[in-house]
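These protein sequence lines map, in sequence, to chains A and B. Residue numbering for the first sequence follows my numbering, starting at 78 and increasing by one per position. Residue numbering for the second sequence follows my numbering, starting at 15 and increasing by one per position. Beta carbons: idealized from backbone N, C-alpha and C, even for Gly. Note that the coordinates shown come from a computational prediction; the quantities given were computed from them, not determined experimentally.
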Amino acid sequence: MLNIICQVSKYLILIFMVLYTVKCFSILLSTDEKDRKKKLNKQIVYVFIIHFLCYLTMYLRQGSVKLLIFYAVQIFVAVIYMVVFHSIYKESSRLLTNNTAFLLLIGYTMLTRLDYSMAIKQFIFATIALFITAFIPYIMSRWKNLRNMGVFYGIAGIFLLLTVFIPGLGYESYGSRNWIKIGSLSLQPMEFVKILFVFFVACMLVRANTLGDIMVNAIISAIFMLVLVLEKDLGAAVIFYITYVCMVYLATSRPIFLIGGIGLGVGAVIAAATLFKDTLFYHVMVRVEAWKDPFKFIDTGGYQVSQSLFAIGTGGYAGTGLYMGKADYIPVSESDFIFSAICEEMGVIFGLCLILVMLSVYISFANIAMKVRQPFYKYAAFGYSILFIIQTLLNLGGVTKFIPSTGVTLPLVSYGVSSVTSTLVIFAIIQGVYVIHNKEVIKHEKEKERLRKQQAALNAGAGIPG
Amino acid sequence: MKNKPILVITYSMIFVFVAMVCYVIYFMEFKAETVIANSRNIRQDSFSENVERGDIITTDGKVIATSKTDEEGNTTRSYPYGNTFAHVTGYDKYGKSGLELEGNFYMLRSHINIFEKTIKELKEEKNRGDNVITTVDYDLQTAAYNAMGYCEGAVIAIEPSTGKIRVMLSKPDYNPNEIDYIWNYMQTEEGQSSTIMLNRATQGLYAPGSTFKVMTMLEYIRENPDTYDNYSYDCYGEEIFTGVSIHCNDDTAHYTESLRDSLAYSCNVSFANIGSELDYGQFRTSMDGMLFNSELPYDGDYVKSSFEIDESSRDDELPQTVIGQGNTQITPLHNAMIMCAIANGGVLMKPYLIERIENDDGGTVQRFKSKSYGELLSSDEAEVLTDYMSSVCEYGTASSYFYGSSYKVAGKTGTAEYDNEGNCNSWFVGFSNPENPDLVVCVVVEDYNTYGVSGTWVAKQVFDAYYSHK
């Protein structure tokens with residue numbers, strides 16, 4: 078009987094996941110306010126059903142009451158977040174709050190399955206971050222000086238990045254020196270520096286009037302990436318670089334910056350790979366080899382990707398069901414390889430939907446960036462969209478062997494205090510940009526309305542027939 | 015404001031993500047089954063908890079390995095035909111072997127319909143695993159088994175146009191139903207010297223004897239493409255080449271003979287003469303091209319064949335080598351593969367044992383297609399060799415066996431001495447219906463002097479069985 082309930086839940090979860098994904102896109106396309114509202118409400122129902130069925134399955138498999146308590150607390154926080162955030166910021170994007178809650182809940186679910194204590198830790202830090210980042214849109218709409226602090230962002234960013242080289246504070250993990258340890262808390266400074274970096278580039282681009290300005294901007298940005306390369310954090314360097322190129326392309330509107338940027342990037346990678354293939358880029362070469370044929374290097378560089386593909390392939394389209402697979406055997410399944418764990422136990426269909434949900438989040442970001450008129454906010458919003466989608470691409474592509482693995486987390490889903498916090502900050506900044514934009518639009522509308530009324534009154538007074 | 019850049023980037027991202035989704039689906043559809051069959055995938059071990067191991071079935075529908083689960087849920091494996099298929103199925107315990115090893119993953123997967131699966135789950139019964147349908151043919155295997163009788167040796171038969179292995183027999187053998195007893199026996203002092211578990215068809219190294227003359231002839235044709243047809247030699251039954259004395263069988267003199275006759279009568283002296291004209295370096299290159307000293311395109315366990323002549327070889331090594339004595343060693347599998355390439359116009363099809371995977375209802379889950387390994391020799395060369403080998407069975411050394419058969423055969427006999435006392439193994443390798451080859455059979459029978467059973471006779475029994483039910 079228990080088996081049957083779990084099996085039925087598994088298929089129901091898949092069905093509702095597909096429905097949720099479809100709604101993500103239909104909301105993006107919908108122009109009718111009422112229709113959107115209805116769909117957004119439905120989406121929340123789907124989130125609850127999926128989350129409930131997951132925890133029901135896990136409870137039935139494990140029989141542990143603490144799972145039920147954890148479930149209740151999660152749902153409580155999610156409801157509070159979705160309701161309160163939108164009632165404070167009436168101009169915020171509900172699609173974005175839905176997706177934020179959904180991705181966090183999926184992450185908690187899989188982490189509970191893999192390692193309960195990690196799930197608790199992730200939940201606590203994410204909840205604190207949700208609370209704190211809720212103030213970001215408010216601060217942004219009050220503090221207009223944000224756009225004039227380019228120098229500060231640049232210096233602070235590079236300084237923060239360099240902290241990993243301080244002996245006793247920074248340490249190395251998986252071949253990259255990109256972690257610092259404060260007490261028992263491990264953090265990746267890069268996760269926060271990327272926020273500063275986008276602000277920095279946005280500030281500089283707003284002010285850049287001459288080619289010289291762009292050059293100065295480019296040199297400072299290059300320092301960021303150089304430090305990342307020295308940390309051997311190539312994944313981050315790639316994310317920073319692509320973000321930078323895209324932002325310059327947006328600011329200049331000249332395709333030459335995009336094409337040239339991509340060409341330069343590819344050239345730099347090839348040059349570095351040939352010059353430093355035994356030193357600085359050794360572990361990168363290992364990963365490229367492992368990408369070509371992970372099974373040949375299954376005992377060394379190809380181990381993680383091989384195990385990931387075993388998990389995805391064995392789980393199949395429908396997955397084994399939670400706790401029924403061997404997701405805990407995938408290396409670093411709680412962070413970088415969480416997608417493989419999700420695919421194995423919740424199904425490849427669920428995984429494919431998750432890929433599309435991530436894409437829809439990016440499209441909604443890009444939509445906001447397109448609407449915004451103030452250059453600083455526009456550049457920043459676009460920069461953050463690129464940060465988000467490139468990181469997602471590197472993660473998902475890496476674990477599925479679509480591209481070589483680079484060791485980055487899946488935003489909001491993977492375990493990682495710095496990762497989840499910084500992603501929530503980014504989401505809040507995008508909400509902030511959207512709120513500022515919508516307020517402006519409303520102000521504009523009101524202004525127009527006032528002018529029209531004035532005109533009408535004037536006309537009436539003059540006796541001209543309306 | 016200018017939004018074109020955002021649109022450009024967004025469309026690119028959509029493109030990349032859709033490509034990634036397609037890639038994952040492609041992986042699931044075409045790659046996943048092979049990837050997860052990897053022995054390093056620890057998930058395989060847990061499959062048996064929910065699945066009752068599937069059967070192994072011959073291409074003509076005979077179950078040669080099956081599982082029975084008793085009321086207490088204990089599953090036992092049984093082999094209805096005992097010794098006959100021992101080296102095909104292998105065994106399921108002690109690290110597994112044969113198809114039990116090669117098809118392990120498939121037999122532990124269940125593709126029965128969801129309805130049945132649900133009922134089984136309600137009853138808390140194990141699902142029936144998928145069945146492995148092997149390319150091996152029951153009738154042919156049994157014919158080969160009976161023909162070999164008490165003799166030791168190996169028989170392998172392959173369909174040259176596809177690479178499907180129809181017979182794989184090795185004697186001595188064992189009864190896989192008694193694997194526990196046999197495994198204990200193998201640990202004893204007596205058992206350690208026993209070779210019952212060695213699959214001679216793929217792992218037995220033998221001197222090729224006269225069957226190697228086909229290779230010598232190929233090399234001669236390659237080096238003398240325009241003049242080989244004019245070859246002529248006077249054989250007096252014995253001759254000395256670079257200090258090595260070469261005899262024909264029973265010192266029979268063949269007198270004036272062409273290249274065709276030399277092969278048909280398996281004339282040692284004439285071939286030693288041919289050998290003295292060959293370029294060692296080119297010979298080595300040719301033989302490496304025929305997969306000597308190299309990996310074979312075969313998925314199961316096998317041993318590499320060896321051919322040691324090269325530029326630095328001494329002249330006195332050659333006369334023995336060209337007639338298949340010397341240091342050359344070959345497995346029956348490899349000898350059959352060479353013959354397959356000749357029969358298939360020079361192109362070798364990769365030999366394989368698993369034809370398809372079926373679920374318990376008989377629906378095909380996965381079909382294994384024939385794969386071409388590539389061209390070992392040109393189609394012209396294959397045609398000449400086939401023509402000359404037809405003469406072997408028409409008027410040469412094998413003619414007495416195939417006289418009056420309903421089918422034609424092209425092949426080569428061989429008697430390979432393995433000591434100085436005249437003890438020898440008897441070979442036959444060849445194929446039926448040379449115009450449109452049906453089946454390659456390769457036989458080696460050990461100790462021909464003791465039992466008097468020749469490889470050619472065993473091969474004939476297999477061909478007879480093949481054409482009797484056709």
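Within the model, the alpha-carbon separation for B:T241 versus B:C407 is close to 25 Å. A:A314 is the residue among A:A314, A:F102, A:V434 whose C-alpha sits nearest the C-alpha of A:A349. The Cβ atoms of A:K309 and A:R254 sit closer than 8 Å to each other. Judged by DSSP in its simplified three-state form, B:A171 adopts strand. Between A:S383 and chain B, the shortest Cβ-Cβ separation is below 8 Å. Excluding residues up to 5 positions away in sequence, I407, S417, E421 lie with their Cβ nearer than 6 Å to the Cβ of A:A388 in the same chain. Of all alpha-carbon atoms in B:D153, B:K134, B:I352, B:Y402, the one lying nearest the alpha-carbon of B:R274 is that of B:Y402. For A:V325, there is no enclosing beta strand (DSSP E); the enclosing alpha helix (DSSP H) covers residues 311-329.
Less than 8 Å separates the beta-carbon of A:I152 from that of A:H128. The beta carbon of B:R381 is closer than 7 Å to those of R370 in its chain, skipping five residues each way along the sequence. Chain-order list of chain B residues neighbouring A:L433: F31, V35, by C-beta distance under 8 Å. Residues of the stretch 171-189 of chain A with a C-beta atom less than 9 Å from some C-beta of chain B do not occur.
B:E253 carries a strand assignment under DSSP once its states are collapsed to helix, strand and coil. For B:S393, the enclosing alpha helix (DSSP H) begins and ends at 393-408. One alpha carbon belongs to B:P190, the other to B:G359, and they sit about 39 Å apart.
Rounded to whole angstroms, the separation of the alpha carbons of B:T149 and B:D69 is 14 Å. What A:M447 touches in chain B, judged by beta-carbon distance under 7 Å, is N17, I20, going in chain order. Counting only unbroken stretches of 4 or more residues, the alpha helix (DSSP H) elements lying wholly within the stretch 413-455 of chain A are 415-423, 425-448, in sequence order.
With a 10 Å radius around the Cβ and a threshold of 16 neighbouring Cβ atoms, A:M78 comes out exposed.
The beta carbon of B:G143 sits closer than 7 Å to those of V65, E66, R67, G68, M121, L122, R123, S124, all from its chain and outside the five residues before and after it, given in chain order.
Interface residue (Cβ-Cβ distance to chain A less than 8 Å): B:R54 is classified as such. In the structure shown, B:M182 adopts extended strand secondary structure according to DSSP, grouped into three states. Inter-residue distance for A:K403 and A:G379 is about 19 Å (C-alpha atoms, whole angstroms). Here A:G424 really is in contact with A:Y394; their C-beta atoms are around 6 Å apart, less than 8 Å. For A:L262, DSSP records a beta bridge to A:I259.
Burial state of B:A267 is exposed, judged by a 10 Å Cβ sphere holding fewer than 16 other Cβ atoms. The continuous stretches of beta strand (DSSP E) do not include B:R123, and DSSP gives it neither H nor E. The residue among A:T98, A:V270, A:F301, A:S218 with its C-alpha nearest the C-alpha of A:T500 is A:V270. Pairwise C-beta distances place the stretch 201-218 of chain B out of contact with the stretch 126-134 of chain B, as fewer than three of them are shorter than 8 Å.
When secondary structure is reduced to three states using DSSP, A:M135 falls in the helix class. When only Cα atoms are considered, B:Y462 and B:E325 end up about 35 Å apart. Under a criterion of Cβ atoms nearer than 9 Å, no residue of chain B is adjacent to A:S441; the nearest Cβ is some 11 Å distant. Between B:A46 and chain A, the shortest Cβ-Cβ separation is below 8 Å. By the C-beta density criterion, B:K178 is buried, having at least 16 other C-beta atoms within 10 angstroms. At a cut-off of 8 Å between beta carbons, A:T500 makes no contact with chain B. Under DSSP, B:S440 takes part in a beta bridge, and its partners are B:T429, B:V459.
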